[in-house]
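Following: one structure in structure tokens, then a few remarks.
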Amino acid sequence: MTVELILAQADLTEFTVRPLGGGTYNSVFRVTSPEGDFVLKVAPSDQPGLTYERNLMRTEAMFCRLGHAVAPVPEVVHSDFSRALVNSDALLTTWLPGRPLFGRDDVDRPLVRRQLGQAVAALHEVTGPGFGYPQLGLHPTWTSAFVAMFDAVKADAQRFGVVLPCVPLNLSVFDEVERPALVHFDLWDGNVLTDTGLTGFVDGERAFWGDPVAEFVSLALFGSIESDRDFLTSYGFEFTDSARVRLAAYQAYLYSIMLVERVPRGSSDPAMESLITDALSRALDVLA
């Protein structure tokens with residue numbers, strides 16, 4: 015009933031709806047109607063989560079509205095954050111063609127990575143009004159924003175009984191970041207869509223305003239972006255020692271999140287936990 019109410023509010027009179035798998039936070043549906051094909055996301059109303067997991071749908075709507083102008087990002091068709099009709103935030107966007115890059119061996123991966131480099135570089139040209147997660151309040155500097163982001167994860171770890179290693183941060187390297195770029199921060203292969211080439215990227219609810227280098231973590235999840243010359247050449251990025259230190263800090267941040275979120279999500283896969291902890295250890299070696 016919830017889905018039907020939302021779609022009626024979006025002025026869709028005839029439609030078929032089917033659940034889409036792959037989401038770890040929102041309920042996601044494929045909507046087919048005479049008006050076109052769409053994706054409907056409905057936020058959980060009472061799911062316990064991490065500190066930054068507040069009003070994520072609103073952040074995704076912001077990401078789509080800004081990103082759609084410069085990159086292959088879904089277009090917002092309808093949103094309802096009033097919670098008057100249903101007790102959740104809802105977002106309806108256009109459907110992008112293609113299938114996730116994850117696990118694919120039937121695509122020209124170097125071509126896709128080059129196209130992705132160009133698209134991500136364009137996305138990072140979008141500049142925000144401050145640093146950090148928009149749903150939590152922005153900071154005047156990237157250093158203060160990132161410290162607050164990491165402190166929140168540490169507090170979440172304590173709340174959920176997760177022991178995290180100490181992560182040393184050299185704050186001076188973050189002071190080098192002077193422009194708040196739009197960062198997706200979840201561009202692993204599962205969120206990159208392809209056909210014969212890149213068709214788009216999705217799931218921008220974890221976006222923030224910050225250092226573009228942070229994007230390189232999920233773009234090479236559990237690996238090293240420096241081995242992806244197709245992407246980096248197309249993007250137009252050359253690493254410095256300072257950028258490598260910042261990247262390691264962002265890796266430590268994301269892998270800390272992934273360890274903590276396992277508790278509220280009820281995940282108990284030991285192989286995945288080992289993968290995360292090994293990647294976190296490699297990042298800590300750079301920061302030591």
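In terms of this note's numbering, the sequence shown opens at residue 15 and continues consecutively. Backbone N, C-alpha and C define an ideal beta-carbon position, used for all residues, glycine too. For clarity, every value in this text was computed on a predicted model and none was experimentally measured.
My guess is that residue i and residue j are in contact by the Cβ rule of under 8 Å, so how many angstroms apart are they, rounded?
i	j	result
Gly250	Ala135	6 Å
Pro86	Thr141	The Cβ separation is near 20 Å, so there is no contact.
Val17	Leu70	With a Cβ gap of about 19 Å, Val17 and Leu70 do not count as contacting.
Gly211	Leu125	6 Å
Ser248	Gln132	5 Å
Trp223	Phe145	5 Å
Gly56	Ser102	A small fix is needed here, since residue 56 is Val in this sequence, not Gly. About 5 Å; that satisfies the 8 Å criterion.
Thr73	Glu275	The Cβ separation is near 17 Å, so there is no contact.
Val176	Val90	Contact flag wrong, Cβ pair sits at about 35 Å.
Leu130	Val31	Incorrect: roughly 30 Å between the Cβ atoms, too far for contact.
Just to confirm the assignment, what range does the beta strand (DSSP E) spanning residue i have?
i	result
Arg44	41-47
Phe215	212-215
Ser93	90-94
Gly81	Not the beta strand (DSSP E): Gly81 falls in the alpha helix (DSSP H), residues 70-81.
Phe230	Not the beta strand (DSSP E): Phe230 falls in the alpha helix (DSSP H), residues 230-233.
Leu21	Counting along the chain, Leu21 falls outside any beta strand (DSSP E), though it belongs to the alpha helix (DSSP H) covering 16-23.
What does DSSP give as the partner residue(s) for residue i in the beta ladder?
i	result
Gln33	Looking at the sequence provided, one finds Pro at residue 33 rather than Gln. Paired residue(s): Phe43.
Arg113	Thr208
Ala65	One point to set straight first is that residue 65 is Thr, not Ala, in the sequence displayed. DSSP lists no partner for Thr65.
Phe145	His153
Which stretch, first to last residue, makes up the alpha helix (DSSP H) that contains residue i?
i	result
Ala104	From DSSP, Ala104 is part of no alpha helix (DSSP H) but of the beta strand (DSSP E) over 104-108.
Leu125	123-137
Leu289	284-301
Phe253	Counting along the chain, Phe253 falls outside any alpha helix (DSSP H), and DSSP gives it neither H nor E.
Val56	Run containing Val56: none in the alpha helix (DSSP H); it sits in the beta strand (DSSP E), 50-56.
Pro278	276-279
Grab me the residues of residue i's own chain with a C-beta within less than 6 Å of its C-beta, minus the 5 sequence neighbours each way, in chain order.
i	result
Leu301	Pro182, Ala262
Tyr264	Ala228, Val231
Leu268	Val231
Ser270	Val167, Leu178
Val191	Trp156, Asp225
Ala285	none
Ala171	Leu178, Val274
His92	Ala24, Leu106
Arg68	Gln149
Ala257	Val227
Thr65	Ala166, Asp170
Asp203	Leu115, Phe116
Asp94	Ala104
Phe164	Tyr267
Ala297	Ala262, Gln265, Ala266
Leaving aside the five residues before and after residue i along the sequence, list all residues of the same chain whose C-beta is less than 7 Å from its C-beta, in chain order.
i	result
Phe29	Leu21, Val45, Thr46, Ser47
Ala234	Asp242
Thr208	Gly112, Arg113, Leu115, Arg118, Val121, Val126
Leu19	Leu99, Val100
Arg260	Val187, Phe188, Asp225, Val227
Gly63	Pro278
Asp200	Asp217, Arg220, Ser232
What does a CB cutoff of less than 8 Å around residue i pick up in its chain, not counting 5 residues either side in sequence?
i	result
Pro88	Val53, Cys78, His82, Thr107, Thr108, Trp109, Leu110, Gly214, Val216
Leu294	Pro179, Gln265, Ala266, Tyr269, Ser270, Leu273
Leu289	Phe236
Glu139	Val84, Ala195
Asp51	Arg44, Val45, Thr108, Trp109
Ala80	As written in the sequence, residue 80 is Leu, which differs from the Ala given in the question. Closer than 8 Å at Cβ, skipping near neighbours: Val140, Leu196.
Worksheet item: Which whole runs of the alpha helix (DSSP H) in the region 151-224 are 4 residues long or more, in chain order?
Response: Qualifying alpha helix (DSSP H) stretches, in chain order: 156-174, 185-188.
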